[in-house]
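Numbering (the numbering used here), first residue to last: 72 to 484.
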Ligand code: ZN
Ligand code: ZN
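Laid out in structure tokens, this is it:
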């Protein structure tokens, strides 16, 4: 095990290049990251060039610039976003270049801002990235999302630690859940991806027509379309490159049928959305569509999320993972979806990935929707799993089989 922070950071960069992106010789790489991530970005760029990359291009984001805009920019300007950014991402995607997103933000950054403006700007950003999101949904490129600490985020997670220690503590947690504290991180990842694939294969062979969830505050049936494909850990780009889109990743996921979701579901973790938090919320569905919702905090942000477009009233992802996942075991609330979604079974409002349906990658959006796939410019995971959750799979004959009991897998492999 490496003893210094620098060594572990090197290993983090290694797994990003090798496991996350699986960057190929000659491939260009686009990185989008917060300015605070510069030390990691430089390491990743160096390793990318060592792996044979022709060009590494970096776009830096800055929470403080975002905040300045909310404080001082004209109120009628929030439906505008950097047009060049959407075009640049799309062009890079079409060229087959790899994409790394380093995600980190203060989850309370915009908590005092007008929710209407927050919603407008988020919609502008999503519209701008729409073509790129479709490339991602079709697995056109190898891409990956990872995290780094930033001050506001670390403060939210560890308010009781002295400020100087918070980011170090968050680094430790990230290294832990990304398996960098294990003897041989690359081997550990290989094993982990195989374990996830075994669960995925079991579920794929079952061909359940629906999943039934029950837990305190949750009584939900989620239909699964014919031809749904469970996916996990490593997936393969259209160019034939296996890659791991999220580090960490603990989930096995597929798409729900956009018109066959009924009942009520209650979130078990806060949802960080558009640099604000939505907490203690539940959603009620009829024939796939949200018909009512409530939230103890952030209800207007939740409303803005749901009304992004027609598709954001419906579900696009169903993901299963045991309550005993390492991230859940850490006992930490991350207030960052990349981490929290890997601590609990979850659903996503909005776009379904076309690669979660047989033949989906080649389908037109119309055909994908006819097959039950959901279309939206948004895709937002929210966590519903807990140690009290039972999930049953519905077989072709209508009979039920246990999939999860009390938050744990109910089948052996
Ligand atoms: Zn997910
Ligand atoms: Zn998702």
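No residue lacks a Cβ here, since even glycine has one placed at the ideal position from N, Cα and C.
The C-beta separation of residue 422 from residue 208 comes to about 6 Å, placing the pair in contact by the 8 Å criterion. Residue 411 has its CB no nearer than 7 Å to any heavy atom of ligand 1. In the DSSP assignment, residue 277 falls within the unbroken alpha helix (DSSP H) covering 256-277. At the C-beta level, residue 284 and residue 482 stay beyond 8 Å of one another. Within the same chain, 479 and 480 come within 6 Å of residue 393 by CB-CB distance, once the 5 residues on both sides are set aside.
Here the residues close to ligand 2, judged by CB distance below 5 Å to any of its heavy atoms, are 388, 419 and 452 in chain order.
With a cut-off of 7 Å, the C-beta of residue 195 is classified as distant from ligand 1, since no heavy atom of the ligand falls inside that distance. DSSP places residue 475 in the strand class (E or B) of the three-state scheme. Taking a C-beta distance under 8 Å as the contact criterion, residue 409 and residue 216 qualify as a contact pair.
Under the Cβ criterion (8 Å, minimum of three pairs), the segment 188-197 counts as touching the segment 147-157. Between residue 266 and residue 185, the alpha-carbon positions lie close to 45 Å from each other. The residue from 248, 115 and 161 with its alpha-carbon nearest to that of residue 400 is 248. By the Cβ rule, the segment 160-177 does not count as touching the segment 379-388, because fewer than three pairs are nearer than 8 Å.
DSSP lists 390 and 454 as the beta-bridge partner residues of residue 417. If you keep only unbroken beta strand (DSSP E) runs of at least 3 residues inside the segment 168-205, you get 169-174.
The straight-line gap separating the alpha-carbon atoms of residue 316 and residue 221 is approximately 21 Å. Within the same chain, Cβ atoms closer than 6 Å to the Cβ of residue 475 are found at 462 and 481, the five residues on either side in sequence being excluded. Only exposed fits residue 437, as fewer than 16 other CB atoms lie within 10 angstroms of its CB. Pairwise C-beta distances place the segment 280-297 out of contact with the segment 250-265, as fewer than three of them are shorter than 8 Å. In this structure residue 379 is not in contact with residue 455, their Cβ atoms being roughly 20 Å apart against a cut-off of 8 Å. With respect to the C-alpha of residue 146, the residue from 131, 107, 85 and 191 having the closest C-alpha is 191. In the displayed model, residue 424 falls within coil according to three-state DSSP, outside both helix and strand. If you look at residue 214, you'll find it in the beta strand (DSSP E) that goes 214-218. Residue 305 and residue 264 do touch by the CB rule: their CB atoms are close to 5 Å apart, below 8 Å.
Bridge partners of residue 299 according to DSSP: 428.
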